[in-house]
Ligand SMILES: Cc1cc2nc3c(=O)[nH]c(=O)nc-3n(C[C@H](O)[C@H](O)[C@H](O)COP(=O)(O)O)c2cc1C
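Residue numbers (this note's numbering): 685 to 995.
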């Protein structure tokens with residue numbers, strides 16, 4: 685007797701995702717670079733590299749350093765600028781049946797709103813992810829993401845210029861992430877991305893210099909997963925918004941940790957640099973898990989964490 689495979693589709697802030705796997709910003713180029721490497725239509729969605737109004741070169745090299753089970757980066761938001769993206773990249777992405785989210789950056793509150801306004805009439809944009817959490821730029825970025833009042837101000841300013849789903853990306857470099865989740869919700873966010881990279885540093889002991897030219901960098905990869913899962917759980921308890929769980933996901937069990945903690949969907953970042961087959965591997969693993977647990981729908985897993993009572 686054959687039964688139909690379990691449902692993997694989810695609704696994220698009004699956006700239909702055919703499955704809960706989305707490529708994370710900055711680790712998947714603008715998406716088009718992966719044409720020919722994998723079938724983009726197999727992804728639930730993808731998030732573009734961060735975009736400002738104008739092109740940027742990013743930081744000097746070296747900009748990447750491997751650390752135990754992790755990657756330290758200080759790319760510094762290199763990019764082509766939002767107009768070139770809308771003109772040259774969005775039409776190419778439209779050929780693929782996947783949800784395209786755009787990672788919006790700014791040196792000022794006005795710039796965030798300007799970038800969002802440019803995208804308002806651009807076809808093929810499913811939603812805006814607001815990057816208030818990049819640790820690798822001197823202006824903007826983390827400066828907005830580690831002050832609740834600034835977080836509120838940025839999200840409210842972008843809210844004024846867009847009807848698109850608005851998804852601020854939270855920084856883990858704060859002491860109480862729930863406060864920031866609430867500030868975003870109050871300012872009109874439709875969803876949250878949780879988390880960006882953790883501020884870190886690696887030193888070459890022979891030269892006694894930082895391994896990255898920028899000095900510090902953002903830590904990603906499996907090393908940060910327990911921090912990211914904990915924060916996803918805290919955010920899910922603090923607000924009713926859908927959450928993209930992000931941080932060190934490279935297999936189905938990793939993705940399930942975030943879903944069980946309360947994420948509606950997940951993003952995959954550093955694993956893209958290791959294995960382009962990671963999406964197929966996780967999709968198979970999620971289906972196997974649902975079948976093994978007698979479940980018919982991935983949504984039956986979301987927010988099902990059980991915490992035994994402490995004795
Ligand atoms: C090389 C690199 C570049 C990144 N660029 C961006 C970016 O442009 N905007 C952004 O919001 N996050 C950026 N991130 C953060 C990732 O989207 C993700 O939040 C983080 O890496 C944690 O997920 P992971 O452990 O699966 O990589 C970048 C991460 C890496 C490793």
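By construction, the Cβ of each residue, glycine as well, lies at the ideal position given by its N, Cα and C atoms.
*Can you give, in chain order, each stretch of the beta strand (DSSP E) that sits fully within the segment 770-847 and has at least 3 residues?*
783-788, 811-815
*Enumerated in chain order, which unbroken segments of the alpha helix (DSSP H) with a length of 4 residues or greater are wholly contained in the segment 911-945?*
936-945
_Please state the DSSP three-state secondary structure of residue 685._
Low confidence applies here, because residue 685 scores a pLDDT of 48, under 50, leaving its location unreliable and the question unanswered by this model.
*Start and end of the beta strand (DSSP E) containing residue 695?*
694-696
*Excluding sequence positions up to five away, which residues of its chain have a Cβ less than 7 Å from the Cβ of residue 685?*
Unreliable positioning characterises residue 685 in this predicted model, as indicated by a pLDDT of 48, which lies under 50. A coordinate reading is not provided.
_Contact test: residue 904 Cβ vs ligand 1 heavy atom, cutoff 6 Å_ = yes
*asked:* Quick check: what's the CA-CA separation for residue 819 versus residue 747?
replied: 13 Å
*Could you tell me whether any non-hydrogen atom of ligand 1 is closer than 6 Å to the CB of residue 709?*
yes
*State yes or no: is the C-beta of residue 966 nearer than 6 Å to some heavy atom of ligand 1?*
no
*Applying the criterion that 16 or more other CB atoms from any shown protein chain within 10 Å of the CB defines a buried residue, is residue 975 buried or exposed?*
exposed
*Measure from the alpha carbon of residue 951 to the alpha carbon of each residue in 740, 931, 957, 750, then state which is nearest.*
931
*Relative to the C-alpha of residue 715, which residue among 765, 732, 927 is closest?*
732
*Consult DSSP for residue 750 and reduce its assignment to one of helix, strand or coil.*
strand
*On the premise that residue 712 lies in contact with residue 701, defined as a C-beta separation below 8 Å, what is that separation, rounded to the nearest angstrom?*
About 15 Å separates the two Cβ atoms, so there is no contact after all.
_Host alpha helix (DSSP H) of residue 731 (start-end)_ = Looking at the DSSP string, residue 731 is not in any alpha helix (DSSP H); the run it does join, the beta strand (DSSP E), is 729-731.
*Can you pull the DSSP bridge partners for residue 853?*
815, 877
*Assuming residue 786 contacts residue 804 (C-beta within less than 8 Å), just tell me the rounded distance between them.*
Incorrect: roughly 11 Å between the Cβ atoms, too far for contact.
*Reference residue 829; option with closest CA among 862, 921, 847*: 862
*Which word fits residue 937, buried or exposed, when buried means at least 16 other C-beta atoms lie within 10 angstroms of its C-beta?*
exposed
*Apply the 10 Å Cβ neighbour rule to residue 836 and answer buried if 16 or more other Cβ atoms are within range, or exposed otherwise.*
buried
*Are the CB atoms of residue 753 and residue 906 nearer to each other than 7 Å?*
yes
*Three or more C-beta pairs closer than 8 Å, one from the segment 755-763 and one from the segment 690-701: is that the case here?*
no
*Could you say if the segment 856-871 and the segment 788-797 meet the contact criterion of at least three C-beta pairs nearer than 8 Å?*
no
*Note the first and the last residue of the continuous beta strand (DSSP E) segment covering residue 882.*
882-884
_Need the endpoints of the beta strand (DSSP E) that residue 949 sits in, please._
949-952
*Sorry if obvious, but does the Cβ on residue 815 come closer than 6 Å to a heavy atom of ligand 1?*
yes
*asked:* Quick check on residue 904: does DSSP put it in helix, strand or coil?
replied: strand
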